[in-house]
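Asks: Position 263 (the sequence shown) corresponds to 263 in UniProt numbering; numbering is contiguous.
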Amino acid sequence: METANSGDVDNFKTVFKYFKQKAQAPCYRDVIDFQTQRNNMTINKVPIEGFCNDMGLRFSKSLTVLQPDSIPGLSFICNPFTEEGQQLWSKRCLEMYPLQPSKTNIGDVTHSNDVWKNWCKSVNGFASSKLGNNKGQLQVLKSSPIWKLRWVTLGYHHNWDTKVYSDDNVSLFPPELNQLANVFATAVGEPKYNAEAAIINYYHVGSTLSPHTDHSEKNLKAPLISISFGLPAIFLIGGLNKAQTPQAILIRSGDVIIMSEKSRLSYHAVPRILECDVEKPRYDPKELFLAHSRINMNIRQVLTS
Ligand SMILES: O=C(O)CCC(=O)C(=O)O
Ligand SMILES: [Fe+2]
Numbered sequence: 001m002e003t004a005n006s007g008d009v010d011n012f013k014t015v016f017k018y019f020k021q022k023a024q025a026p027c028y029r030d031v032i033d034f035q036t037q038r039n040n041m042t043i044n045k046v047p048i049e050g051f052c053n054d055m056g057l058r059f060s061k062s063l064t065v066l067q068p069d070s071i072p073g074l075s076f077i078c079n080p081f082t083e084e085g086q087q088l089w090s091k092r093c094l095e096m097y098p099l100q101p102s103k104t105n106i107g108d109v110t111h112s113n114d115v116w117k118n119w120c121k122s123v124n125g126f127a128s129s130k131l132g133n134n135k136g137q138l139q140v141l142k143s144s145p146i147w148k149l150r151w152v153t154l155g156y157h158h159n160w161d162t163k164v165y166s167d168d169n170v171s172l173f174p175p176e177l178n179q180l181a182n183v184f185a186t187a188v189g190e191p192k193y194n195a196e197a198a199i200i201n202y203y204h205v206g207s208t209l210s211p212h213t214d215h216s217e218k219n220l221k222a223p224l225i226s227i228s229f230g231l232p233a234i235f236l237i238g239g240l241n242k243a244q245t246p247q248a249i250l251i252r253s254g255d256v257i258i259m260s261e262k263s264r265l266s267y268h269a270v271p272r273i274l275e276c277d278v279e280k281p282r283y284d285p286k287e288l289f290l291a292h293s294r295i296n297m298n299i300r301q302v303l304t305s
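1) If you pair each beta-carbon of the segment 281-296 with each one of the segment 84-91, do three or more pairs fall below 8 Å?
2) Assuming contact is defined by CB atoms lying nearer than 9 Å, are Phe126 and Gln139 in contact in what I supplied?
3) State the Cα-Cα distance for the pair Glu275 and Tyr18, rounded to the nearest angstrom.
4) Identify, in the order they occur along the chain, each residue of the same chain with its Cβ nearer than 7 Å to the Cβ of Asn134, setting aside the five sequence neighbours on each side.
5) Taking 8 Å as the cut-off, is the C-beta of His157 nearer than that to any heavy atom in ligand 2?
6) Examine ligand 2 and report whether any of its heavy atoms sits within less than 8 Å of the Cβ of Asp255.
7) Suppose you measure from the CA of Lys192 to the CA of Ala222; what does that come to, to the nearest Å?
8) What does the alpha-carbon distance come out to for the pair Cys93 and Ala185?
9) If you drop the 5 nearest sequence neighbours on each side, which residues of the same chain put their C-beta closer than 6 Å to that of Ala233?
10) One question on the structure: do Ser70 and Ile257 come within less than 9 Å of each other, judged by their Cβ atoms?
11) For a quick check, are the C-beta atoms of Ile43 and Thr14 less than 9 Å apart?
12) What did DSSP end up calling Trp151 once you bin it into helix, strand or coil?
13) So what's Thr104 in DSSP terms, helix, strand or just coil?
14) Using only the heavy atoms of ligand 1, determine whether one of them is closer than 8 Å to the beta carbon of Tyr203.
15) Since Asp54 and Lys242 should fall inside the 8 Å C-beta cutoff, what is the C-beta to C-beta distance between them, to a whole number of angstroms?
Below you can see the structure in the form of structure tokens.
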């Protein structure tokens, strides 16, 4: 049986370092791509009638939930969002969720709404000056305060030092995000799911998220729901200890991962954000941000009932 600590072997770290390396591009042959691979997995078509209004979801009748045999408890939904739906949620993550009463890594600057406005002003400047050069646009993005945004917490604010959620540190969870999380929770048989906390992670090419488990929630049975937009990423998921060699999964914009049962407490990480060619300059602030970044909404239920 697996224990929480099985000696000092850290096979997770080896795989993490392999995909993180900059010296040469890793080989992606063994990375699971749910868009093209359908062997050795359960495929569930789950009815979701009555749920989809205003949520930006593509399917009005059912969701296809993929559950690979090799990762017990993990469910994957290939981008269920419309193009407009992706824009809507990305806009919320950039314009709305970083404002008070959220907490962010860039503190009070964001509270005054200046960061986003400043970025919009720069992009409007591109349009009027016809700054049609991708390199130039990326340069401006990198020097904008928005580039420093790394995380936002919603609802029960995750305390990064104590790793404890407290009733003294909680704000209203966005109801529309709870509604969206509930669609995905229902699709894996958890219709009573109540989203009470979320970490929104912002990544750029070169950013990583180290191997960890999420176990601060009082309720360790309710699934973790993870929704991503923007650049693709490699996601690693292992077992209850770091000795288990993790599997690599390709996540694209709009993809949803639900970690329940055994995978709820499994080690996971993001070793690499994949760069994409930006063919043409962008003149929309959120489109330009997303052409060079990845946003992940990581949603949790904290309480037991
Ligand atoms: O960015 C991701 O895909 C995962 C984020 C995550 O694991 C977390 O926020 O705990
Ligand atoms: Fe996590």
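Glycine is no exception: its CB is placed at the ideal position from the N, C-alpha and C atoms.
Replies: Judging by the given coordinates:
1) yes
2) Your numbering for residue 126 matches position 126 in the sequence shown. Your numbering for residue 139 matches position 139 in the sequence shown. No; because the gap between Cβ atoms is not below 9 Å, this pair is not in contact.
3) For the purposes of this step, residue 275 is taken as residue 275 along the sequence shown, with counting starting at 1. For the purposes of this step, residue 18 is taken as residue 18 along the sequence shown, with counting starting at 1. Approximately 17 Å, taken between the alpha carbons.
4) Walking along the sequence shown from the start, residue 134 turns up at place 134. Spatial neighbours of Asn134 in its own chain (CB-CB distance under 7 Å, excluding positions within 5 residues in sequence) are listed in chain order as Val278 and Pro281.
5) Along the sequence shown, read from residue 1 onward, the residue named residue 157 stands at position 157. Not so, every heavy atom of ligand 2 lies at least 8 Å from the Cβ.
6) As a working note, residue 255 is residue 255 in the sequence shown. Incorrect: Asp255 has no Cβ contact closer than 8 Å to ligand 2.
7) Mapped onto the sequence shown, residue 192 falls at position 192. Mapped onto the sequence shown, residue 222 falls at position 222. So the two alpha carbons sit approximately 9 Å from each other.
8) On the sequence shown, position 93 is the one that residue 93 refers to. On the sequence shown, position 185 is the one that residue 185 refers to. Each residue's alpha carbon lies about 20 Å from the other.
9) As a first step, residue 233 must be located in the sequence shown, where it is residue number 233. Closer than 6 Å at Cβ, skipping near neighbours: Ile251, Val270, Ile273 and Arg294.
10) The residue you call residue 70 lines up with position 70 of the sequence shown. The residue you call residue 257 lines up with position 257 of the sequence shown. Cβ distance not < 9 Å, so Ser70 and Ile257 don't count as in contact.
11) For this step, residue 43 is matched to residue 43 along the sequence shown. For this step, residue 14 is matched to residue 14 along the sequence shown. No, these two residues do not count as a Cβ contact at 9 Å.
12) Residue numbering aside, residue 151 sits at position 151 when the sequence shown is read from its first letter. Residue state, collapsed to three classes: strand.
13) Here residue 104 refers to the residue found at position 104 when the sequence shown is read from its first residue. Three-state DSSP puts Thr104 in a strand.
14) For this step, residue 203 is matched to residue 203 along the sequence shown. Correct: Tyr203 has its Cβ closer than 8 Å to ligand 1.
15) The residue labelled residue 54 in the question sits at position 54 within the sequence shown. The residue labelled residue 242 in the question sits at position 242 within the sequence shown. Not a contact, Cβ separation roughly 42 Å.
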